[in-house]
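Per my numbering, the very first residue in the sequence shown carries number 838; after that it's consecutive.
Glycine included, each C-beta is placed from N, C-alpha and C at the ideal position.
Computed from a predicted structure; not experimentally measured.
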Amino acid sequence: MKPSSAIVLVLAAIVAQYPSPATAADPKVIVVGASMSGISAGKRLSEAGITDFVILEATDRIGGRIQNTEFAGVNVEMGANWVEGVNGDEMNPIWTMANGTGGLNLTTFRSDFDHLASNTYKQDGGLYEKKFVEKIIKRMAEVEESGSKLASTLHHSGQQDMSVMSMQRLTNHMPTGPSTPVAMVLDYYRHDFEFGEPPRMTSLQNTQPLPTFRDFGHDLYFVADQRGYESVVHHVAGQYLETDPDSGAIVDHRLKLNTVVREIAYFPSGVAVRTEDDMVYRADYVIVSASLGVLQTDLIRFKPQLPSWKIAPIYQFDMAVYTKIFLKFPRRFWPEGPGTEFFLYASGRRGYYPVWQQLEKQYPGSNVLLVTVTDDESRRIEQQSDNQTMAEAVEVLRKMFPGNEVPEATEILVPRWWSNRFFKGTFSNWPIGVSRYEFDLIRAPVGRVYFTGEHTSEKYNGYVHGAYLAGIDSADILINCAKKKMCKYNVQGKHDQRLATVSE
């Protein structure tokens, strides 16, 4: 079908705003963002013989939401921290790179969550009886097993999907879901701690069973290497970007840091990308690896505006916020030894400083605790001072350990992913009602504009391995068009087997 005259006029007006279309001196592809997915996409393009590209990164580093920083004398991870999905039937590609066989041999520790029943603290101090907590954990596991069976019976279209909380109500005959402090914190650990959002917002059909654990295994390994988890991203980048032989730093001219993309114009002959310093880069294609949270803002403007079929699923999907707060103390006052790494605080206020981890195994002698909050608590904490957050956290610890002299914390680290305009959250979460159809639309290209990121991963959204695999998948879609002239992208119909072509 020929475009309408109105569309032709709009495209003509857009083209007129930019210099001449792409020439032989211009790159063939622009990659927006040097996150894991953007770096992975660049590698796949290189493997296919497309080496004339540039990577435009808004920050001063590569890695995106994989970032380490110095705290209390050690390097800690502000973003992604675990390789999730290990020791299963399939090999997690991130674990292949991290555990030695890929050459990095990162320092990692298997996380042991098996002793939470012995480490769940009451709101006003003291431990719950182990058998009491075990009974609740057992019942929750039974509910989840029933939920997985129920999810397998639901139609693939998503028409019958429900929230995890709705499943809990159906299965456990509870009108409001877990409601006591101990039940709430265990529920938080099983759901919010994994997905960044509460069960009332999370899709049952697309999280039970969770493909990451089903495919790669249920073990999680905490990365505590002083080179940082982001060394995995550097490992991928180093396979095709030029690096300094002495320092290992990337010196490839195709990677441009501190380059903030504000506008992407696309037309039949190519694309034009305008940056915040008013530079214009032209190419045949662009791959956008910005986070879902950024796509939900106006940081990057598209000209013409993205079509409604593209915008709608972007806003239907959720960008979760997951905040890891590190606290340094002058001495240890918490239980140590085997079976004490993780402990829970059962507040009557759901999600209030709930999941704690002592890091003596990972960072010996550091006297550092890690507490995780999510969702509304993350947003609240990001908007208050670090001193206020430190006071709240220490007050919780004093309630948990009333017989101990809990000292004041000496340092605190509070990441602010939600407030950062280059991220606007930590990872995507699949909400109720979003089916594979909407997910495919998020990944689908619009003309010469392609999209990648963990939020476009077919099965592993929200995970580092999802970002890595998404970069490969999205690059392959572009390669099919650029090299094989296979430029139509088909999406399975939402309610039946029909295919719809959304781009050509």
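Per DSSP, which one or two residues make a beta bridge with residue i?
i     : result
N912  : E907
I1101 : V1110, F1139
S1265 : M1156
E1248 : K1165
Y1182 : Y958
K1093 : L893
F946  : F1059
Y1118 : V1110
V826  : Lying before the first or after the last residue shown, residue 826 is absent from the chain, which here runs from 838 to 1341.
T933  : In the DSSP output, where bridge partners are listed per residue, T933 has none listed.
V1283 : V1286
L964  : Y958
V970  : DSSP, once it has assigned bridges, lists no residue as partnering V970.
I876  : In the DSSP output, where bridge partners are listed per residue, I876 has none listed.
V1301 : According to DSSP, which records beta bridges pairwise, V1301 is partnered with nothing at all.
I1309 : I1309 is not bridged to any residue.
Rank the options by C-alpha distance to the C-alpha of residue i and give the top, closest one.
i     : options                    : result
N1009 : I1316, Q1195, E982         : E982
E1219 : H1071, E1242, Y1159        : Y1159
D1212 : G1130, G1188, I1087        : G1188
K1198 : P1048, G1174, P1239        : G1174
M915  : Q1063, A1102, V1022        : Q1063
A878  : G1303, Q1329, C1324        : G1303
F1288 : E1031, L1143, P1012, H1072 : L1143
F1059 : W919, L1196, V913          : W919
T1247 : V1271, P1167, G886         : P1167
N1266 : S872, L1007, R1037         : R1037
L953  : V1022, I1249, L1250, Y1190 : V1022
V923  : G875, V1088, L1057         : L1057
E1178 : G1240, M1116, F950, L1094  : F950
A1281 : E1245, K1320, Q1329        : Q1329
L964  : G886, D1024, P1239         : P1239
I1279 : N956, V1205, Q1153         : Q1153
Using the three-state DSSP reduction, which class does residue i fall into: helix, strand or coil?
i     : result
N1327 : strand
G922  : strand
Q1005 : helix
M1156 : strand
T938  : coil
V1060 : strand
Y1077 : coil
L1196 : coil
Y1066 : coil
T860  : Bear in mind that a pLDDT of 46 at T860, under 50, signals an unreliable position, so the number given afterwards is only what the model happens to contain. It is coil, neither helix nor strand.
L1132 : helix
S1215 : helix
L1206 : strand
P840  : Confidence in P840 is poor, its pLDDT being 46 and thus under 50, which makes the residue's placement unreliable; the coordinate value appears in the next sentence. Looking at P840 - three-state DSSP - the assignment turns out to be coil, as it is neither helix nor strand.
L991  : coil
V1243 : coil
I1087 : strand
F1238 : coil
T1039 : strand
S1000 : strand
V1019 : helix
I1151 : helix
I887  : coil
I899  : coil
V980  : helix
V1271 : coil
Taking all protein chains shown into account, decide if residue i is buried (16 or more other Cβ within 10 angstroms of its Cβ) or exposed.
i     : result
A859  : Interpretation of A859 is limited by its pLDDT of 45, a score under 50 that renders its predicted location unreliable; no figure is taken from the coordinates.
F1180 : buried
Q1005 : buried
A917  : buried
R1285 : buried
A1149 : exposed
A1086 : exposed
M934  : buried
A978  : exposed
G1290 : buried
N1327 : exposed
D1155 : buried
If I'm right that residue i touches residue j with Cβ under 8 Å, what's the distance once you round it to whole angstroms?
i     : j     : result
A1108 : I867  : Reading the sequence as shown, one finds Val at residue 1108 and not Ala. Indeed they touch by this definition, with Cβ atoms about 7 Å apart.
A1312 : R902  : Going by Cβ atoms, the distance from A1312 to R902 rounds to 20 Å, so no, they are not a contact pair.
P1048 : K1296 : 4 Å
D998  : Q1042 : 4 Å
G1270 : G995  : 6 Å
G875  : I887  : Between I887 and G875 the Cβ distance is about 14 Å, and since that is not below 8 Å, they are no contact.
G1065 : N936  : Their Cβ separation, rounded to whole angstroms, is 16 Å, which puts G1065 and N936 out of contact at 8 Å.
Could one say the Cβ of residue i lies closer than 7 Å to chain B's Cβ atoms, at least one of them?
i     : result
E1242 : Absent from the structure is chain B; it holds one protein chain and no more.
Should residue i be listed as close to the ligand COA, given that the test is whether its C-beta is under 6 Å from any heavy atom?
i     : result
E1113 : As presented, the structure is devoid of all ligands, the ligand COA included, so that no description of it is given.
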